[in-house]
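Chains as they are written, first to last, in the numbering used here: chain A, 48 to 166; chain B, 104 to 543.
All C-beta atoms, glycine included, are put in the ideal place defined by N, C-alpha and C.
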C-alpha cells in the first residue's frame, strides 16, 4: 500500500480522485494542508506528496521543498514546461518523492507518475 | 515620466532584494534558498533554478494578462527581479549590476506596455476597447467568491447560506444604500459591500471550523529566520511604499480582479478585493518566509491594498502618490513587525491556514470561468467589427477544448480568453486589410 498525501494549493480533491483512480486500489490517499502534507512526507507517514498550484512550482511544492529539500521535489508540469514521460520516470528513479504540477496538466501527469510508482 | 521612475525603482529594488538574499517573489523559489544559504547549492544553480521556475510565468502569465488588462501585473516586475538578482553574484559589484539591470527591466516593461497600446491603436480596427471587455464578468461576479470558499471549507449547504446572504446584501445595498447628507450623496457600492458581507460570513464559518490537522510550532523553531527578516525592515518599507504608490496610480496590479476594477476607477472595490486576496496569501507567503528567512518583496500584498484605499479617497495630485507611498511603507513595516505573531497564530489555528488555501483556490476558479465568458463576449465584439461576430466565440470554444484535451496544455486556463481575444484582434485587422470583411 502506497501512502500518498495531497498538499499544494489548488484542486486538492480533484488530484486525490485522479490518484485514487490510477492507483488501482493500491494506494491510500489523504488530502491535507500543504504544511501538514509536507511534514507527513518528512517524518515518513507518507511515501509521496502531490501538489498543484497556478504555476506548478509555487504553492504546489513550496512547503515540500522547505521541509524536505529540493532534492526530493520535482515540478513535473509548470507553465510552459511539462516533463516528458521519460523525464518523469527518471526523476522518480532519482529519488524524487514530491511532485508539483499545474492543475490543467493533472489529468496527463498523474497517470504517468502513478504508473511508475506502482511498477 | 513618473511611471517610468516608479517602475525603474521597483525593478531595481526587487532585483537588489533578491541579490542580497533578502526577498524573492516566487513562492516556490523561496524554499530553494534554504539549500543555498545552507551551502548545499552554489550561486549558479540558484540562478538557473530561479530562471527555470519563473521565466515561463513572466511570458505565459504576466505579459499575456498585462496586455489583455492594459495594466501591468506585479509578477512582470518581481519575478524578473528574482531572476536578475540571483543571476549576479551577491557581492558589491553584483549589487550594483542588479540595481541597474533591474531598473532597465522596469523601464522596458513600461515602454513595452505603452508602445503596444500605441501599436494596436494604429491598426485599421482598433480592438483595445473590446479587448478590455474580457474582464467584464470578473468585475460583475467577483463579489460571490466567499460563498465558494465556504463551500470548499464547510460544505455546499453553508456555501448556499453564504451565497444567499451575499446576494440579498447586494440587493439591499443597491436599493437602499444611497444616503443624502445635505448636498452630499453617499452611494455605497453594492458589489463591494456584498463581497464584504460575504467575507464576514466566510470568516465566521472559518473560525468555527474544527480541524483535526495538527499544528506545528514553526514560528518558535525558526525564530532566528524572523529576526533576519526584521533586520531588513527598512528595505521592505521602501518597497511597500513604492508598490502602494504604483497601485494608487494604476501602474501595477496584483491580480486580474482588482486590476480591471482599479482601471474603471472603482478603487474601493479594488482595494477590498486586494485585501481579501492578501489574507489568502498570508499562510503561503509567511510560512515560506518563516522557514527560510527570505521574505517576499511584496510581503503578503497588504501595502498594495493600502495604496488602492488611498486612491479611493480621491486626494488631489501630488498628494495622492505621496500619501500612498507613506501608507504602503507603514503597512509593510507592520507586516514585518507582526510576522512572528501571525506565524504563531497560524501554528495554533490550522483552519486559518486552510482558509488561505481555499481563498486562493476559489479566486482562481472564479477567474477561470469569468475570463472564459469574457473571452467569448469580447471575441464576438472584436470579430463583429468586421461583420464576422460568431467567428470569435467559435475560436475561443475550439481553443479552450483543444487546450483542455491536449496532453501538454499550451495555455493556462486563465489565459485562454485574453490570449485568444488578442489574437483575434490581429486576425480582424488582417481580414479588414485583405478586404474580406463582411459589410453589415
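Item, Value
"For residue 388 (chain B), the residue or residues it bridges with in DSSP", "Its beta-bridge partners do not exist; DSSP assigns none."
"Cβ of residue 110 (chain A) within 8 Å of any chain B Cβ", "yes"
"Spatial distance of residue 85 (chain A) from residue 356 (chain B) (CA atoms)", "31 Å"
"For residue 50 (chain A), the three-state DSSP class (helix, strand or coil)", "strand"
"Neighbourhood of residue 95 (chain A) by C-beta, 6 Å cutoff - its chain only, sequence neighbours within 5 removed", "51 and 144"
"Minimum Cβ-Cβ distance from residue 328 (chain B) to chain A less than 8 Å", "no"
"Nearest neighbour of residue 263 (chain B), chosen from B:190, B:304, B:467 and B:130 [CA to CA]", "B:304"
"Inter-residue CB distance, residue 474 (chain B) and residue 241 (chain B) (contact presumed, cutoff 8 Å)", "6 Å"
"Where residue 101 (chain A) sits in the DSSP three-state scheme", "coil"
"Chain A contact residues for residue 467 (chain B), given Cβ-Cβ distances below 8 Å", "57 and 101"
"8 Å CB neighbourhood of residue 389 (chain B) in its chain, flanking five on each side removed", "403, 442, 445, 446 and 449"
"Top-ranked residue by Cα proximity to residue 299 (chain B), from B:321, B:322, B:265 and B:320", "B:265"
"Partners in chain B for residue 161 (chain A), counting only beta-carbon separations shorter than 9 Å", "Chain B residues near residue 161 (chain A): none, gap ~16 Å exceeds 9 Å."
"Cross-chain neighbours of residue 128 (chain A) in chain B, by beta carbon under 8 Å", "155 and 159"
"Within-8 Å CB hit, residue 91 (chain A) to chain B", "no"
"Selected residue, minimal CA-CA separation from residue 375 (chain B), among B:295, B:213, B:536 and B:256", "B:295"
"Residue 122 (chain A) at chain B interface by Cβ criterion, 8 Å", "yes"
"Limits of the alpha helix (DSSP H) - the one that residue 117 (chain A) falls within", "First-last for residue 117 (chain A): undefined, no H or E at that position."
"Distance CB(residue 124 (chain A))-CB(residue 156 (chain B)) smaller than 8 Å", "no"
"Residue-chain proximity (residue 135 (chain B), chain A), Cβ-Cβ < 8 Å", "yes"
"Three-pair Cβ contact test at 8 Å for the segment 223-242 of chain B versus the segment 164-184 of chain B", "yes"
"Rounded C-alpha distance that separates residue 276 (chain B) from residue 269 (chain B)", "10 Å"
"Contact set between residue 165 (chain A) and chain B, taken where Cβ atoms lie within less than 8 Å", "Correct list: empty, because the minimum Cβ distance to chain B is about 20 Å."
"Local conformation of residue 75 (chain A) per DSSP, three classes", "strand"
"Cross-chain neighbours of residue 129 (chain B) in chain A, by beta carbon under 8 Å", "102, 104 and 105"
"Residue nearest to residue 200 (chain B) in terms of C-alpha spacing, selected from B:179, B:115, B:239 and B:141", "B:115"
"Three-way DSSP call (helix, strand, coil) for residue 144 (chain A) in this model", "coil"
"Reference residue 146 (chain B); option with closest CA among B:166, B:110, B:109 and B:187", "B:187"
"Whole-angstrom distance between residue 509 (chain B) and residue 364 (chain B), CA atom to CA atom", "33 Å"
"Other residues of its chain near residue 216 (chain B): CB distance less than 7 Å, five sequence neighbours each side excluded", "169 and 175"
"Where the alpha helix (DSSP H) containing residue 483 (chain B) begins and where it ends", "453-487"
"Per-residue contacts from residue 463 (chain B) into chain A (C-beta, under 9 Å)", "56, 57, 100, 101 and 106"
"Per DSSP, the bridge partner or partners of residue 95 (chain A)", "A:51"
"With 16 other Cβ atoms within 10 Å as the buried cut-off, status of residue 72 (chain A)", "exposed"
"Minimum Cβ-Cβ distance from residue 460 (chain B) to chain A less than 8 Å", "yes"
"Meets three-Cβ-pair contact criterion under 8 Å: the segment 405-418 of chain B and the segment 124-141 of chain B", "no"
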